[in-house]
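Per our numbering, residue 88 is the first one in the sequence shown, and the count goes up by one each step.
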Amino acid sequence: MHLVAPSLLAADFRRLDQAIALINDSEADWFHLDVMDGNFVPNISFGQFIIEQVARDAKKYCDVHLMIEQPERYIESFAKAGAQGITVHAEATKHLHRVVQQIKEAGCKAGVALNPHTPVNVLENLIEDLDLVLIMTVNPGFGGQKFIYQSIPKIRQAQELITIHNSPALIEVDGGIGLHNAQKVLEAGARVLVAGSSVFGAKDPAETIRQLKGIAGN
Ligand code: DX5
Ligand code: ZN
C-alpha cells in the first residue's frame, strides 16, 4: 500500500490550523514540509519555527524536505523542531554520507532527494543506509509545476537499485503529482506520493486525498 503526503506549501497559510486539521482528519499518511533557502532553490519558504508549530498539532509523521545548501548545518535543529524524517538533496552537500549518518544520529529517518538531472547511481554506495529516496519530478523550488515525464524511467532505476542492494528505502515522488499520473508513478515503483496543488487546489482536498489513496499501484 502506498502513502500520501500532502505538501503544506500549497495550503493557505493564513489558516494554517485548518490545513493541519484537514490533513489530520483525512486519509493522508504524512505531512510533507518543504524548506527552501533562496540559495539552493530560487524560492524561500519556511524553516524550523513554522515546523515546530506544525509538529505540535500534527498527528501524523512529519516528512521534512530540505531544499537548502549545506543541510549539515541544520539537521539537529530540524530534528528538535519535530521532523521525523529528514531528506537532503544530493546536490546540496559535499558529504552526503556524513549527512545521512547525522540525520540518523539525530533520531530521524534519512532520505536523499535527486533533482531531475541527477542520475540515480549517485546513491549506489549509500542506498543501504537510506530510508527514503526522493525522486524530484519537477525542478525544486515551487509548487504547481508540470510533472517531468522522464522521471518515470528514473523511478524504475531507483527501484532496481533498491532491490539489488536489498535496501529498505521507500521511493517518494514530488512535484506535479495528482490523480492524472499517480497510477503511472506507483506502477514504476513509487511508494510515497507528495501532492501540493492537486490536494489544496481541489474543491474537496480530503476527497482528493482519499482518491489518491485509493489508486491501485503495483
Ligand atoms: C517543490 C516541492 C514540492 C511541492 C509540490 O519544490 O518540493 O513538495 O510543494 O507541489 P506540487 O504538488 O504542487 O507540484
Ligand atoms: Zn517537497
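For glycine and all other residues, C-beta sits at the position ideal for the given N, C-alpha and C.
If you're wondering where the values come from, they're calculated on a predicted model, not measured in any experiment.
Going by C-alpha to C-alpha distance, which of I258, F287, E247, I239 sits closest to N268?
For N268, the nearest C-alpha among the options comes from I239.
Assuming L120 contacts L90 (C-beta within less than 8 Å), just tell me the rounded distance between them.
Not quite, the Cβ-Cβ distance comes to about 15 Å (not below 8 Å), so this is no contact.
Beta-carbon proximity of A115 to A106, cut-off 9 Å:
No, these two residues do not count as a Cβ contact at 9 Å.
Neighbourhood of D218 by C-beta distance below 8 Å, restricted to the same chain and skipping five residues each side
Cβ within range, chain order: G172, K196, A197, G198, P255, A256, L257.
Determine the burial state of D112: buried for a count of at least 16 other Cβ atoms within 10 Å of its Cβ, exposed for fewer.
Taking all protein chains in view, the Cβ of D112 is surrounded by fewer than 16 other Cβ atoms within 10 Å, so the residue is classified as exposed.
State the Cα-Cα distance for the pair F136 and F165, rounded to the nearest angstrom.
C-alpha separation (whole angstroms): 9 Å.
Assign K233 to one of three DSSP states: helix, strand, or coil.
Correct three-state label for K233: coil.
Distance cut 6 Å, beta-carbon to the ligand ZN heavy atom: residue list by chain order:
A distance filter of 6 Å between CB atoms and the heavy atoms of the ligand ZN selects the following residues in sequence order: S94, H119, D121, H152, D261, V281.
Just to check, is the beta-carbon of I110 closer than 8 Å to a non-hydrogen atom of the ligand DX5?
No, the ligand DX5 has no heavy atom inside 8 Å of this Cβ.
So is A108 buried or exposed if we call it buried at 16+ other beta carbons inside 10 Å?
Counting Cβ neighbours within 10 Å, A108 comes out exposed, since fewer than 16 surround it.
Between which two residues does the alpha helix (DSSP H) carrying K241 extend?
Note, K241: alpha helix (DSSP H), 238 to 251.
Please list the segments of the beta strand (DSSP E) lying wholly inside the segment 164 to 202, counting only runs of 3 or more residues, in order along the chain.
Listed in chain order, the beta strand (DSSP E) elements of length 3 or more contained wholly in the segment 164 to 202 are 172 to 176, 196 to 201.
Mind the definition here: the segment 213 to 232 touches the segment 258 to 267 only if three or more C-beta pairs lie below 8 Å; say whether that holds.
A contact exists between the segment 213 to 232 and the segment 258 to 267.
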